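Note sheet for the following structure.
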Amino acid sequence: MTPRRLAREAERLVGRPFRLHGRDLKGGVDCIGLFALAMARGGCPVAVPTGYPLRLSDLDRWLPDAASCGFGPAQLPYAPGDVVMLQAGPAQFHLAIADRTLGWIHAHAGLRRVVRDAEIPAGTLVHHWRLLRAR
110 MTPRRLAREA
120 ERLVGRPFRL
130 HGRDLKGGVD
140 CIGLFALAMA
150 RGGCPVAVPT
160 GYPLRLSDLD
170 RWLPDAASCG
180 FGPAQLPYAP
190 GDVVMLQAGP
200 AQFHLAIADR
210 TLGWIHAHAG
220 LRRVVRDAEI
230 PAGTLVHHWR
240 LLRAR
């Protein structure tokens, strides 16, 4: 798995339906499911949390272990395949993956599907990770 491969696999999921806790193509995905599915399609399945509420008061309890997935903290500028966690609102967090043109792929609850946006989704940057090693 390379960062560009992660970006490509995320891009291939654009248009798939949104579903909270979703982890498959037919039923839909949420932002964490999008990440898990893109990693799996790139040959690197990862364990991600399930059962979390829409609003989180304790983010650390639900945060996947980035290092065990081959990721480490990253610095700007963004690069294809980077993964960001944003705080979209009070106790509401969201993951997005940078595509190969530095747009952003994410599971949009309001639009009910995985979308590509030219700009990073709205919110305060909480974490910025980059794939450091192939698994």
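Numbering-wise (this note's numbering), the sequence shown opens with residue 110 and increments by one.
Even for Gly, the Cβ is constructed at its ideal location relative to N, Cα and C.
These numbers were taken from a predicted model, which means no experiment stands behind them.
Just reading off the beta strand (DSSP E) that residue i is part of, what are its end residues?
i: L211; result: Run containing L211: none; DSSP gives neither H nor E here.
i: G198; result: V192 to G198
Relative to the alpha-carbon of residue i, which residue among the options has its alpha-carbon at the smallest distance?
i: V144; options: E228, L220 and A156; result: Residue identity check: residue 144 is Phe in the sequence provided, not Val. Closest by alpha carbon: A156.
i: A175; options: R114, P189, V193 and P186; result: V193
i: G131; options: P230, R117, L146 and D208; result: L146
i: E245; options: D133, K135 and P189; result: The displayed coordinates of the chain run from 110 to 244. Any statement about residue 245 would go beyond what the structure contains.
i: P112; options: V235, G124 and C178; result: C178
i: G136; options: R222, E228, F180 and L195; result: R222
Helix, strand or coil: which one does DSSP assign to residue i?
i: L241; result: coil
i: A227; result: coil
On the DSSP bridge assignment, give the partners of residue i in chain order.
i: R222; result: P126 and H217
i: T111; result: BP columns for T111 are empty, so no partner.
i: A116; result: DSSP lists no partner for A116.
Which whole runs of the beta strand (DSSP E) in the segment 119 to 189 are 3 residues long or more, in chain order?
180 to 182
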